[in-house]
Amino acid sequence: MEQLKVSSKSDPKAVAGALAAVLRDEKEVELQAVGAGAVNQTIKAIAISRGYVAPNGMDLIMIPAFVEIEIDGEERTAIKFLVEPR
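Going by this note's numbering, the first residue of the sequence shown is number 2, and it counts up by one from there.
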């Protein structure tokens, strides 16, 4: 499964385009976000991507979950968003 990492500085439209492209090919994507700003950009990207894939007859669902990741040798809590067609 493709994994996209989103930061607070990520452009939601660019992330949405990448998300839509992967969904058309693989049908399942995991997005990871650490921090409130990154989560905000991720949610906006998912909402935008719904508009990108709708003309193909695809409706999306999102399943959020907490996940522990390591950044620079430090354990951090991230939120992962599993996005797939309904």
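Note that the Cβ used here is the ideal one computed from N, Cα and C, for glycine as well.
Can residue i and residue j be called in contact, C-beta distance under 7 angstroms?
i, j, result
"I80", "P65", "yes"
"L61", "L32", "no"
"V84", "M63", "yes"
"T43", "V68", "no"
What does residue i pair with, by DSSP beta-bridge criteria?
i, result
"R77", "I70"
"V84", "V30 and M63"
"V7", "A34"
With distance defined between alpha-carbon atoms, name the residue in the options nearest to residue i.
i, options, result
"A22", "A37, S11, Q42 and A55", "A55"
"A39", "K10, K28, L24 and E29", "K10"
"D12", "I72, E71, T78 and K45", "K45"
"F145", "I70, A34 and N57", "Residue 145 is absent from the model: the chain starts at 2 and stops at 87."
To the nearest angstrom, report how far apart residue i and residue j are at their CA atoms.
i, j, result
"M2", "P86", "14 angstroms"
"K14", "Y53", "10 angstroms"
"E76", "V16", "25 angstroms"
"E27", "G74", "31 angstroms"
"N57", "A19", "16 angstroms"
"E71", "R25", "30 angstroms"
"V30", "A37", "20 angstroms"
"T78", "R51", "27 angstroms"
"I47", "N41", "10 angstroms"
Legend entry - Minimum length 4: unbroken alpha helix (DSSP H) runs contained in the region 20 to 72: Segments of the alpha helix (DSSP H) lying fully in the region 20 to 72: 37 to 54.
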